[in-house]
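Taking it in order: structure first as structure tokens, then the write-up.
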Amino acid sequence: MWAGYLIAAEIHYQNTFIDRMNGKNASLETAEKYFTLADEYAPLYLKTTFQLHWAKMQRLTYSLIFTDAPKEEIVQEIFDNLDQAKAYLKNLVLARLMKYFPPYPIIRERSNVRACA
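Residue numbers for the sequence shown, in my numbering: 2 to 118.
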């Protein structure tokens, strides 16, 4: 169930992102709802720490989108937990993080771009 919510959130996020790039004033509310549900359901179906860690990393990555708070602490927490991630999840997280580094204005530390590459 938690994986289904993550997939639904990803689909809604991508659709909203495309709409925003096309100039529409699209809301991320639906994507945020599904990320929240995935985060809540992961511990309920926990057979290993894999599900919980996956949901946590997805939540951290997408929280960069959903908050106006300083982002550096979130990015640091992501990097601190990245060693526990398997290759596929690590690729997803690092690809998302690349978006937040220059030339994008959210985080302006170029050394972090190399860490994602």
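Even for Gly, the Cβ is constructed at its ideal location relative to N, Cα and C.
- Message: What would DSSP say about Met99, mapped onto helix, strand or coil?
- Response: What you label residue 99 is simply residue 98 of the sequence shown in a count that begins at 1. Helix at Met99.
- For Leu65, which option in Val76, Lys57, Ala56 has the closest C-alpha, if you only look at C-alpha atoms? Position 64 of the sequence shown holds residue 65. Comparing Cα-Cα distances from Leu65 to each of Val76, Lys57, Ala56, the minimum goes to Val76.
- CB contact flag (Thr62, Leu98, <8 Å): Against the sequence shown, residue 62 aligns to sequence position 61. Against the sequence shown, residue 98 aligns to sequence position 97. Contact: yes.
- Query: Do you know offhand how far Leu83's Cα is from His54's?
  - Reply: As a working note, residue 83 is residue 82 in the sequence shown. As a working note, residue 54 is residue 53 in the sequence shown. Cα-Cα distance, rounded: 10 Å.
- Nearest-angstrom beta carbon gap, Ala39 and Ala86 [assumed within contact, 8 Å]: Counting from 1 along the sequence shown, the entry for residue 86 is found at position 85. Counting from 1 along the sequence shown, the entry for residue 39 is found at position 38. Actually they are not in contact, since the Cβ atoms of Ala86 and Ala39 sit about 16 Å apart, beyond 8 Å.
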